[in-house]
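Asker: The following block contains the structure, expressed as structure tokens.
2 protein chains.
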Amino acid sequence: MSLSEKHIIVQIRRQTGRNRAVITGIGNDCAILRLPSGDDTLVTTDFSIEGVHFRRDWHPPRSVGHRCLARGLSDIAAMGGQPHAAFLSLALPPDTPQTWVNAFVSGLLGLAEEFKVPLAGGDTSESPSGILADIMVVGSVPRDQAITRSGAKVGDSIYVTGELGASAATLDLFFSNPQRRPSPGKFMRHFYPEPRIAVGRYLREKKIASSMIDLSDGLSTDLNHICEEGGVGAEIAVSTLPLACIGGSKHPVGLHFALHGGEDYELLFTVSPRVRVPKSVGGVRVTEIGRIVKGGKMWLTSPTSKPVLLKPQGWQHFQRTP
Amino acid sequence: MSLSEKHIIVQIRRQTGRNRAVITGIGNDCAILRLPSGDDTLVTTDFSIEGVHFRRDWHPPRSVGHRCLARGLSDIAAMGGQPHAAFLSLALPPDTPQTWVNAFVSGLLGLAEEFKVPLAGGDTSESPSGILADIMVVGSVPRDQAITRSGAKVGDSIYVTGELGASAATLDLFFSNPQRRPSPGKFMRHFYPEPRIAVGRYLREKKIASSMIDLSDGLSTDLNHICEEGGVGAEIAVSTLPLACIGGSKHPVGLHFALHGGEDYELLFTVSPRVRVPKSVGGVRVTEIGRIVKGGKMWLTSPTSKPVLLKPQGWQHFQRTP
């Protein structure tokens, strides 16, 4: 066991057991969890790979740790679930500085603390090249009440939480001016995204959302999943999109960041016409951006021109948003 | 999404849903599992990293896939649990041959099928260098009945399943004669280890084991965990160790492979003196090899000489067994 591994285990042991769901964390072949009896169990896994999901010269280790867990928590939020425990598999090249590992673990445990989700286990190993983390989050949801991607019906309205495009627009600043790098403190939505657990849970408890997904790969890609799984199409009213403002600027980011930029970790959901949706949930703005229509296609609409076909563009972290 | 990713998802979708525990696998932000109500949940994660846990020139991809899942199932077995679903995170270098990926997935799904443990999700990504798999297995055990590492008491007998040393002795053949490589079909315990799920479950149901661990890091290291967690020591009677015979040979492997060789995936457990232990469980031999004693140390004993201190040696996959 390397110094890094020992350090991680000490940190994990220190904060395990604060959550009633974790009976036994580190120190056995498996972690033992006691989840709410009769609930369904939610499981999600997400890689965070150096050079693919983060760059060591762009992202401080604290942000990498935070974003690593945020990805998993956001998936639990998208099902309307409650997270209970996280598991971290971490592969490190032998020359990884101990200070990097410490700050990474601190960033991850800070978010874990905020959501009362103990790190209940995981694995560590040497990596032949590059830092590689795999986060797994286990959560729960009352039986048969998970919100899936497949419930959208023609006529439903489409909503998003928060603002869109902040994360991709921040990455774009790295590309456009390598000398002046965005500082993490001023670009929080990219470096320290907040998973929308409370909003997701509210939407499930109040039976508001007919389908839901988190915006990790960009609106055009994630909305397409909702359309494919529901066998429906969608119209997005361009003028209603809540474009983010970043870095203290009063000018919103470009439309393409909101349409195709990934890693906003906001929620996208659909709502039957009969259901009322509040303007905000727990301080997070909720905006109607369009509606579900027949056919499998997605369209951008505006009052002044013909509908334009919207194609899923996919999201490549270190490729500039088209 | 790469060809490999598409292929994996197609294979996974094909075999998901055969297990009643998986309500929704691939196609949502989380998998939804319905585990036995009121049971405790078991979670384990294990890396399989190229160059650390396997070598592409030594291990056929089918074996790598099999061993990847076997590691996770063996952890569930060590708690006396029942596995319900597996999750695979797989990072592949861009030049990984599709045939390699296909055979890897087949090896993994073959074992998954055998134990009725569907692959219910996971993640795929590009790897900067080397193939990297992270397997997660979710299982369950009746409330408060998981067998942990910490229950060994002074006077308990120590048992192991199967035979020891086969896996490390096979690896040693690669080192000693690089021209004549062990063929997978003749060295099954190394290339295709069988997790001891049924034995672990039997020991839990019959309340036989007071503590248990799987032999993944070698007897000296894993027994040391049992001693540390229980605050006890151990004596191993050297002459009783069930040494494996490999490759059709009638000669057992060297003692050091049984003491320090990893990846046998047998179970090591302790039993109170009042409890009777069968000679085999479900066709798997069970052998008494020593007893728990006072003090934190481990000793090798024999009728003809003084006890010798046994130190945990750790297990490095591609370092020759000392």
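Taken in order, these protein sequences are the chains called A and B.
For the first sequence, my numbering assigns the number 59 to the initial residue and increments by one for each residue that follows.
For the second sequence, my numbering assigns the number 59 to the initial residue and increments by one for each residue that follows.
All C-beta atoms, glycine included, are put in the ideal place defined by N, C-alpha and C.
#1: What is the DSSP secondary structure of residue 394 of chain A, counted as helix, strand or coil?
#2: Does chain B have any CB closer than 8 Å to the CB of residue 287 of chain A?
#3: When the Cα of residue 168 of chain B is compared with those of B:143, B:120, B:369, B:375, which residue comes out closest?
#4: State the DSSP-derived secondary structure class of residue 241 of chain B, mapped to helix, strand or coil.
#5: Could you spell out where the alpha helix (DSSP H) holding residue 313 of chain B opens and where it closes?
#6: Determine the DSSP secondary structure at residue 281 of chain B, reduced to helix, strand or coil.
#7: Does chain A have any CB closer than 8 Å to the CB of residue 125 of chain B?
#8: Is it a yes or a no for the region 106–119 of chain A touching the region 185–197 of chain B, going by three-plus beta-carbon pairs under 8 Å?
#9: For the region 210–227 of chain A against the region 332–349 of chain A, are there 3 or more C-beta pairs whose distance is under 8 Å?
#10: From this set, B:280, B:195, B:209, B:327, which residue's C-alpha is nearest residue 257 of chain B's C-alpha?
#11: In the DSSP assignment, find the alpha helix (DSSP H) that holds residue 263 of chain B and state where it starts and stops.
#12: Within the continuous alpha helix (DSSP H) that includes residue 230 of chain A, where are the two ends?
#13: Three-state secondary structure (DSSP) at residue 346 of chain B?
#14: Just curious, the alpha helix (DSSP H) that residue 130 of chain A is in, first and last residue?
#15: Considering only C-alpha positions, which residue in the set B:277, B:82, B:261 is nearest to residue 330 of chain B?
#16: As a quick exercise: from A:376, A:238, A:153, pick the residue whose alpha carbon is nearest that of residue 186 of chain A.
#17: Skipping 5 residues on each side, what residues in its chain have a beta carbon closer than 8 Å to that of residue 184 of chain A?
#18: Quick check on residue 321 of chain A: does DSSP put it in helix, strand or coil?
#19: Taking the beta carbon of residue 339 of chain A as the centre, do at least 16 other beta carbons fall within 10 Å, making it buried, or is it exposed?
#20: Quick check on residue 261 of chain B - is its C-beta less than 8 Å from some C-beta in chain A?
#21: If you reduce the DSSP assignment to three classes, tell me which class residue 162 of chain A lands in.
#22: Less than 6 Å between C-beta atoms, sequence neighbours within five positions excluded: which residues of the same chain meet that for residue 209 of chain A?
#23: Can you tell me which of the three DSSP states residue 170 of chain B falls into?
#24: What does the alpha-carbon distance come out to for the pair residue 247 of chain A and residue 213 of chain A?
#25: For residue 186 of chain B, decide whether its Cβ has a neighbour in chain A, counting only Cβ atoms nearer than 8 Å.
#26: Name the two residues that bound the continuous beta strand (DSSP E) containing residue 142 of chain A.
#27: Name the chain A residues that come within less than 7 Å of residue 399 of chain B, Cβ to Cβ?
#28: What do you get for residue 87 of chain A, buried or exposed, if any count of 16 or more other CB atoms within 10 angstroms of its CB means buried?
#29: In angstroms with no decimal places, state the Cα-to-Cα distance between residue 81 of chain A and residue 180 of chain A.
#30: Quick check: what's the CA-CA separation for residue 147 of chain B versus residue 135 of chain A?
#31: Restricting to Cα atoms, I'd like to know which of B:124, B:377, B:367, B:325 is closest to residue 207 of chain B.
#32: Tell me which residue opens and which closes the beta strand (DSSP E) that residue 105 of chain B is part of.
#33: Below 8 Å, how does it come out for the region 156–172 of chain B and the region 118–132 of chain B: are there three or more Cβ pairs, yes or no?
#34: Please decide whether residue 91 of chain B counts as near chain A, where near means a Cβ-Cβ distance under 8 Å.
#35: If the cut-off is 9 Å on Cβ atoms, which residues from the region 178–204 of chain B count as contacting chain A, listed in chain order?
#36: In the DSSP assignment, what residue or residues form a beta bridge with residue 246 of chain A?
Answerer: According to the structure shown:
#1: The question about residue 394 of chain A has no answer, for chain A in this structure spans 59 to 380.
#2: Start at 1 with the first residue of the first sequence, and residue 287 of chain A comes out as number 229. So yes, residue 287 of chain A belongs to the interface.
#3: Counted from its first residue, the second sequence places residue 168 of chain B at position 110. Considering only alpha carbons, the answer is B:120.
#4: Within the second sequence, residue 241 of chain B is the residue found at index 183, counting from 1. Residue state, collapsed to three classes: coil.
#5: Sequence index remark: in the second sequence, residue 313 of chain B carries index 255 (1-based). Segment 313–318, the alpha helix (DSSP H) holding residue 313 of chain B.
#6: As a position in the second sequence, residue 281 of chain B is number 223, starting the count at 1. Correct three-state label for residue 281 of chain B: helix.
#7: The count along the second sequence starts at 1 and reaches residue 125 of chain B at position 67. No, its Cβ sits nowhere closer than 8 Å to a Cβ of chain A.
#8: yes
#9: yes
#10: As a first step, residue 257 of chain B is located in the second sequence; it is residue number 199 there, counting from the start. Per the Cα distances, B:327.
#11: The count along the second sequence starts at 1 and reaches residue 263 of chain B at position 205. It spans 255–263 - the alpha helix (DSSP H) in which residue 263 of chain B sits, taken as one unbroken run.
#12: Here the question's residue 230 of chain A lines up with position 172 in the first sequence. From DSSP, the alpha helix (DSSP H) with residue 230 of chain A extends over 224–234.
#13: Stepping through the second sequence from its first residue, residue 346 of chain B is reached at position 288. It is a strand residue.
#14: Counting from 1 along the first sequence, the entry for residue 130 of chain A is found at position 72. That run of the alpha helix (DSSP H) goes 119–136.
#15: For the purposes of this step, residue 330 of chain B is taken as residue 272 along the second sequence, with counting starting at 1. The option with the nearest alpha carbon to residue 330 of chain B is B:261.
#16: Along the first sequence, one-based indexing puts residue 186 of chain A at 128. Residue 186 of chain A has its Cα closest to that of A:153, out of A:376, A:238, A:153.
#17: Start at 1 with the first residue of the first sequence, and residue 184 of chain A comes out as number 126. Closer than 8 Å at Cβ, skipping near neighbours: 60, 149, 150, 151, 152.
#18: Here residue 321 of chain A refers to the residue found at position 263 when the first sequence is read from its first residue. Three-state result, residue 321 of chain A: coil.
#19: Here residue 339 of chain A refers to the residue found at position 281 when the first sequence is read from its first residue. Buried is the call here.
#20: For this step, residue 261 of chain B is matched to residue 203 along the second sequence. Answer no: the Cβ-Cβ gap between residue 261 of chain B and chain A never drops below 8 Å.
#21: The residue labelled residue 162 of chain A in the question sits at position 104 within the first sequence. Three-state DSSP puts residue 162 of chain A in a helix.
#22: By one-based count along the first sequence, residue 209 of chain A stands at place 151. Cβ within range, chain order: 268, 269.
#23: Position 112 of the second sequence, counted from the start, is the residue given in the question as residue 170 of chain B. Looking at residue 170 of chain B - three-state DSSP - the assignment turns out to be helix.
#24: As a first step, residue 247 of chain A is located in the first sequence; it is residue number 189 there, counting from the start. As a first step, residue 213 of chain A is located in the first sequence; it is residue number 155 there, counting from the start. Whole-angstrom Cα-Cα distance: 32 Å.
#25: As a working mapping, residue 186 of chain B is identified with position 128 in the second sequence. Yes, residue 186 of chain B lies at the interface with chain A (some Cβ there is under 8 Å from its Cβ).
#26: Taking the first residue of the first sequence as position 1, residue 142 of chain A is located at position 84. That run of the beta strand (DSSP E) goes 140–150.
#27: Since the displayed chain B opens at 59 and closes at 380, residue 399 of chain B lies outside it and no answer follows.
#28: Here residue 87 of chain A is taken as the residue at index 29 of the first sequence, counted from 1. Under this definition residue 87 of chain A is a buried residue.
#29: Counting from one through the first sequence, the residue named residue 81 of chain A turns up at place 23. Counting from one through the first sequence, the residue named residue 180 of chain A turns up at place 122. Going from the Cα of residue 81 of chain A to the Cα of residue 180 of chain A covers about 15 Å.
#30: Numbered from 1 along the second sequence, position 89 holds the residue referred to as residue 147 of chain B. Numbered from 1 along the first sequence, position 77 holds the residue referred to as residue 135 of chain A. Distance between the alpha carbons of residue 147 of chain B and residue 135 of chain A is about 21 Å.
#31: Counting from 1 along the second sequence, the entry for residue 207 of chain B is found at position 149. Comparing Cα-Cα distances from residue 207 of chain B to each of B:124, B:377, B:367, B:325, the minimum goes to B:325.
#32: To locate residue 105 of chain B, count along the second sequence from 1; it is residue 47. Run containing residue 105 of chain B: 98–107, per the beta strand (DSSP E) assignment.
#33: yes
#34: Mapped onto the second sequence, residue 91 of chain B falls at position 33. For residue 91 of chain B, the answer is yes, since a Cβ of chain A falls inside 8 Å of its Cβ.
#35: 178, 179, 180, 181, 182, 183, 184, 185, 186, 187, 188, 190, 192, 194, 195, 196, 197, 199, 201, 202, 204
#36: Position 188 of the first sequence, counting from 1, holds the residue named residue 246 of chain A. Answer is none; residue 246 of chain A lacks a bridge partner.
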